[in-house]
Each structure stands twice: as C-alpha cells, then as structure tokens.
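A.B. asks: So for the sequence shown, our numbering puts the first residue at 287; every next one is plus one.
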Amino acid sequence: MTITNPDVRRAASVDRSLKLIAAGAAEGASCAPELAAGPWEFDAGPAGYGPGASMGDVIPTGSPRQGALPEAYRNASDDELHARIRAAKATLGDRVVVLGHFYQRDEVVEHADFVGDSFQLANAALTRPDAEAIVFCGVHFMAETADLLSRPEQAVILPNLAAGCSMADMADESSVEECWEQLAEVYGDLDAPDATGRVPVIPVTYMNSSAALKGFVGRHGGIVCTSSNARVVLEQAFERGQRVLFFPDQHLGRNTAKAMGVPLEQMPMWNPRKALGGSSSDELDDARVILWHGFCSVHKRFTVDQIAAARASHPGVQVIVHPECPMPVVDAADAAGSTDFIVKAIQAAPAGSTFAIGTEINLVQRLAAEHPEHEIFCLDPVVCPCSTMYRIHPGYLAWVLEELVAGRVVNRIQVPADVAEPARLALERMLAAKPPAPTTAPVGA
Ligand code: SF4
Numbered sequence: 287m288t289i290t291n292p293d294v295r296r297a298a299s300v301d302r303s304l305k306l307i308a309a310g311a312a313e314g315a316s317c318a319p320e321l322a323a324g325p326w327e328f329d330a331g332p333a334g335y336g337p338g339a340s341m342g343d344v345i346p347t348g349s350p351r352q353g354a355l356p357e358a359y360r361n362a363s364d365d366e367l368h369a370r371i372r373a374a375k376a377t378l379g380d381r382v383v384v385l386g387h388f389y390q391r392d393e394v395v396e397h398a399d400f401v402g403d404s405f406q407l408a409n410a411a412l413t414r415p416d417a418e419a420i421v422f423c424g425v426h427f428m429a430e431t432a433d434l435l436s437r438p439e440q441a442v443i444l445p446n447l448a449a450g451c452s453m454a455d456m457a458d459e460s461s462v463e464e465c466w467e468q469l470a471e472v473y474g475d476l477d478a479p480d481a482t483g484r485v486p487v488i489p490v491t492y493m494n495s496s497a498a499l500k501g502f503v504g505r506h507g508g509i510v511c512t513s514s515n516a517r518v519v520l521e522q523a524f525e526r527g528q529r530v531l532f533f534p535d536q537h538l539g540r541n542t543a544k545a546m547g548v549p550l551e552q553m554p555m556w557n558p559r560k561a562l563g564g565s566s567s568d569e570l571d572d573a574r575v576i577l578w579h580g581f582c583s584v585h586k587r588f589t590v591d592q593i594a595a596a597r598a599s600h601p602g603v604q605v606i607v608h609p610e611c612p613m614p615v616v617d618a619a620d621a622a623g624s625t626d627f628i629v630k631a632i633q634a635a636p637a638g639s640t641f642a643i644g645t646e647i648n649l650v651q652r653l654a655a656e657h658p659e660h661e662i663f664c665l666d667p668v669v670c671p672c673s674t675m676y677r678i679h680p681g682y683l684a685w686v687l688e689e690l691v692a693g694r695v696v697n698r699i700q701v702p703a704d705v706a707e708p709a710r711l712a713l714e715r716m717l718a719a720k721p722p723a724p725t726t727a728p729v730g731a
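What follows is the structure, given as structure tokens:
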C-alpha cells in the first residue's frame with residue numbers, strides 16, 4: 287500500500303514529530319530540537335553538518351556551502367511551498383525529474399518522481415534521458431553518482447549544497463592516497479600479481495563516497511559496492527586480489543566479510559592518523575580486509591540494548607537492521623540488509639507482523655504509515671534523522687525548480703572529466719559483478 291494523500295503522509299512525518307516535540311506538544315525526545323527549525327538557519331553559521339546525528343563529525347574545509355536561500359522561500363508557509371513546487375513541476379513537465387532518497391523527509395518525498403536508494407535513483411534517472419535537469423533530493427555523493435551516470439547535457443541539481451555525508455567525508459582522497467603509499471611499503475609493487483595472478487590489494491569503495499574516491503579505485507583496479515551487493519563485489523575482488531582495502535564504512539566491510547567467513551583478526555582497522563593505520567607490518571601481511579576508520583553517525587546509534595528492549599516489549603518482533611550498524615547489533619538482529627531489503631521484507635510479510643527497524647527514521651516512519659497491517663517502529667526511541675539529509679527542505683526544492691522555470695540552473699553538481707572517467711570504470715566493474723537492482727516504480731504506481 288502506498289499513501290498518496292499528502293495530508294495523511296505529512297501527519298505521520300518525522301518533521302511533524304520534531305516540531306511537536308520541540309513545541310512541547312508531544313511526548314518523546316529528539317536528538318536535536320534545533321532540527322525543527324528551517325535548515326537555512328545553518329547556512330549562515332560556521333560550516334558544519336548541523337545538529338543531529340552528524341553533530342559530532344567534523345566537516346572538511348572546502349566542503350560546498352549553500353548561499354542564503356531567498357527570503358521569499360524562507361518565509362513561505364508549508365502550503366505555499368507545496369503549491370509552488372507542484373506549479374513549477376507542471377510547467378517544466380518532462381524537462382525535469384525529481385529523485386527522492388528513502389531518508390528524505392516526507393514533505394520532500396511527496397514531490398519525487400522516483401523514491402529509492404542512491405544507486406536505484408541514479409538508474410531511475412536513466413529512464414528519463416530527455417529530462418534537461420535531474421533534481422536529486424539526497425546528499426552530495428548521490429548527486430555526483432547521478433552526474434557520472436547521466437548524459438553530459440543533463441544538469442544534476444542538489445537543492446542544498448550543504449547536504450553532505452559525514453561518513454563519505456571520513457575518507458578523503460589525500461588520506462586514502464597516503465594509505466596506498468604506505469601499503470606499497472608493506473606489500474611492494476601493488477600492481478605486481480603473485481603466482482596465482484592476484485595483486486596484493488584491491489581497493490573497494492562503498493557507494494557512499496566522493497566521486498574522487500570512486501576515481502581513485504577506478505585508477506587502481508578497484509570497484510564500487512552498494513549495501514545490496516557488497517558480498518558479490520568482495521567475492522569478485524578476492525578473485526583478483528590477495529586482500530581488500532575497504533572504505534569508508536568499517537561496519538559494512540566488517541559485517542560483509544564476517545558473513546563470508548573472514549576471521550575478525552584478519553580485518554585490521556586503518557586509522558589515517560596513525561602510521562600504518564595503527565597496525566603492524568605482520569598484521570597487514572596477514573590481513574584479508576583492511577577496514578577504513580569510517581562510520582555512519584545515524585546507524586552507529588543503534589545498540590544491542592535497544593534490540594533487547596524491543597524483544598522484551600514486543601514478543602515475536604522481527605528485528606531488521608542496516609549493515610552500516612555495528613557488528614554486535616547486526617549479530618543480535620534477525621536479519622540485516624540494505625534499505626531495499628528492508629522495504630521488500632516488510633512488503634512480503636503476512637499481515638499482523640511486528641518489526642523493529644534499525645535504519646534512518648524517515649524511512650521507518652514512512653513504512654509504518656504505509657503498512658498499517660503491521661506494527662513497525664524504529665529501534666532507537668529518540669527521533670534522530672540524518673541531519674545532512676535534512677538539509678533538503680521544500681523551500682530549497684521550490685527555489686531550484688522555480689529557477690529552472692526562469693531558465694537558470696543553480697546548484698549544479700558536475701564531476702570533473704579527469705575524475706569521472708576512472709570513477710565510471712569503478713562503477714562499471716560493479717555492474718559487471720552484478721546487474722543493477724531494478725529501479726523503483728514511480729511514486730503512486
Ligand atoms: S544516513 Fe549516514 S551514510 Fe547516509 S547520508 Fe546520512 S550520514 Fe551519510
């Protein structure tokens with residue numbers, strides 16, 4: 287079932303929950319009451335990810351900044367913004383396609399032509415080759431991926447340039463280059479195959495990384511993975527390499543490799559602030575998967591205690607978590623999988639099922655609203671959305687769409703050609719390892 291009535295959908299939205307909690311009109315707690323304010327409050331202050339799940343993460347210097355959103359959008363009522371977005375989309379017609387990530391607020395998702403995870407959405411854009419503009423309601427690396435996969439004439443637009451990803455930024459290109467040089471000191475020539483034809487190390491980057499990092503792995507024989515195909519990609523990497531350097535998310539790497547039977551002691555962590563990442567040469571010699579010291583602030587919040595509490599309060603509950611969660615949480619859950627896996631598991635369950643879900647709360651609350659035949663709740667009792675995803679607000683969406691109507695392209699994300707070429711190579715290797723997941727159906731279909 288899909289809720290097509292936006293009033294019903296908005297009534298169950300995370301944004302509404304945050305505002306009611308901040309106003310003292312609802313019980314419960316949010317991790318940052320400041321999120322109830324408009325994201326433009328953060329455009330003028332010091333560079334940062336904003337309050338909420340990413341509050342403790344440091345934003346790299348040089349990250350794109352969003353200029354001041356015109357006052358007309360900041361002061362507009364919610365109803366006015368929704369009407370302006372609908373009018374602009376109607377005027378633009380097939381000239382624009384709006385993509386909405388699963389973790390976006392409902393007030394944005396209701397205007398999306400496609401809803402899905404980052405790779406599904408980049409593929410969905412391919413079904414609209416005639417669209418002049420692709421408006422990506424997600425975070426920066428997702429817009430970069432859409433730019434890599436779209437036609438050169440198509441403009442990919444990120445409505446708020448400050449919508450980054452703290453996990454993607456935990457592995458910057460210079461730190462990974464430095465790591466690569468140190469690995470060459472340990473393993474010797476990184477391009478030289480052994481007697482079995484395998485090179486010392488294959489770099490694998492999670493989709494949640496900058497285009498620069500995808501370009502890095504493309505130049506070094508590496509490959510991109512998603513949370514859906516990480517195992518297939520690692521299997522392919524092990525056919526060509528003795529070991530894998532996996533970044534930026536240590537948890538996805540560890541959970542995937544552990545499920546493949548790789549012992550934990552053969553998965554050293556690479557801390558870019560330490561010599562040899564904090565490991566000895568012997569440990570690196572013995573390594574099968576070298577895990578970068580990165581994590582998702584949102585998924586790091588889920589705990590084994592939350593799972594125990596869910597099982598105690600809801601006997602028979604099925605606990606499903608995202609593989610970006612720490613390993614003890616994945617081990618304690620009934621199942622772990624990508625957002626697409628979670629959505630499909632709920633769709634396939636018999637009516638009357640109970641689910642406790644460990645992933646971003648916008649998706650969880652939307653699934654709960656769309657599936658009244660089940661009981662669905664977020665493992666984390668605190669309302670804590672991804673604060674960088676939250677930077678996309680209907681005000682920014684209305685602004686970029688009305689600029690398009692006026693013939694102006696703002697907030698275009700363009701990957702430089704010298705980065706794009708090897709980055710596409712790394713994506714193509716992933717596609718060769720496993721066909722792309724089917725794209726999501728248009729909303730309401
Ligand atoms: S949920 Fe985590 S990985 Fe996804 S955009 Fe937010 S910080 Fe990045």
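A virtual CB, placed ideally from N, CA and C, is assigned to each residue, including glycine. Values in this document were obtained by computation on a predicted structure and should not be read as measured data.
1. Are the beta-carbon atoms belonging to residue 671 and residue 389 less than 9 Å from one another?
2. Of all the beta strand (DSSP E) runs that stay within the bounds of the segment 615-666, which reach a length of 3 or more residues?
3. For residue 457 versus residue 580, is the C-beta spacing smaller than 9 Å?
4. Quick check: does the Cβ of residue 585 come within less than 8 Å of any heavy atom belonging to the ligand SF4?
5. Going residue by residue through the segment 312-391, where are the continuous beta strand (DSSP E) segments of at least 3 residues, counting only ones entirely within it?
6. Any idea if residue 536 is buried or exposed, counting beta-carbon neighbours within 10 angstroms, 16 or more meaning buried?
7. Measure from the alpha carbon of residue 493 to the alpha carbon of each residue in 466, 453 and 477, then state which is nearest.
8. Could you check whether the segment 644-661 touches the segment 541-561, counting it as contact only if at least three pairs of C-beta atoms, one from each stretch, sit closer than 8 Å?
9. Is the separation between the beta-carbon of residue 680 and that of residue 364 shorter than 9 Å?
10. Could you say which of 352, 472 and 502 lies nearest to residue 443 if we only look at CA atoms?
11. Nearest-angstrom Cα distance between residue 479 and residue 376?
12. Could you name each continuous alpha helix (DSSP H) segment of 4 residues or more that falls completely within the segment 535-618, going from the start of the chain to the end?
13. Heavy atom of the ligand SF4 less than 8 Å from the Cβ of residue 672, yes or no?
14. In chain order, which alpha helix (DSSP H) runs of at least 4 residues are fully inside the segment 474-517?
15. Within 10 Å of its beta-carbon, does residue 633 have 16 or more other beta-carbons around it, so buried, or fewer, so exposed?
16. Considering only heavy atoms of the ligand SF4, does any lie closer than 8 Å to the CB of residue 363?
17. I need the boundaries of the beta strand (DSSP E) containing residue 298, first residue and last residue.
18. Does any heavy atom of the ligand SF4 sit closer than 8 Å to the C-beta of residue 610?
19. At a threshold of 8 Å, does residue 389 count as lining the ligand SF4 (C-beta to nearest heavy atom)?
20. With contact counted as at least three CB pairs below 8 Å, one residue from each stretch, are the segment 493-503 and the segment 708-718 in contact?
21. Specify, as a first and last residue, the run of the alpha helix (DSSP H) that residue 683 falls within.
C.D. replies: Quick look at the numbers:
1. yes
2. 640-644 and 661-664
3. yes
4. yes
5. 382-387
6. buried
7. 453
8. no
9. yes
10. 352
11. 57 Å
12. 536-545, 567-572, 590-599 and 613-618
13. yes
14. 497-505
15. exposed
16. no
17. Taken as a continuous stretch (DSSP letters only), residue 298 belongs to no beta strand (DSSP E), as it is neither H nor E.
18. yes
19. yes
20. yes
21. 680-691
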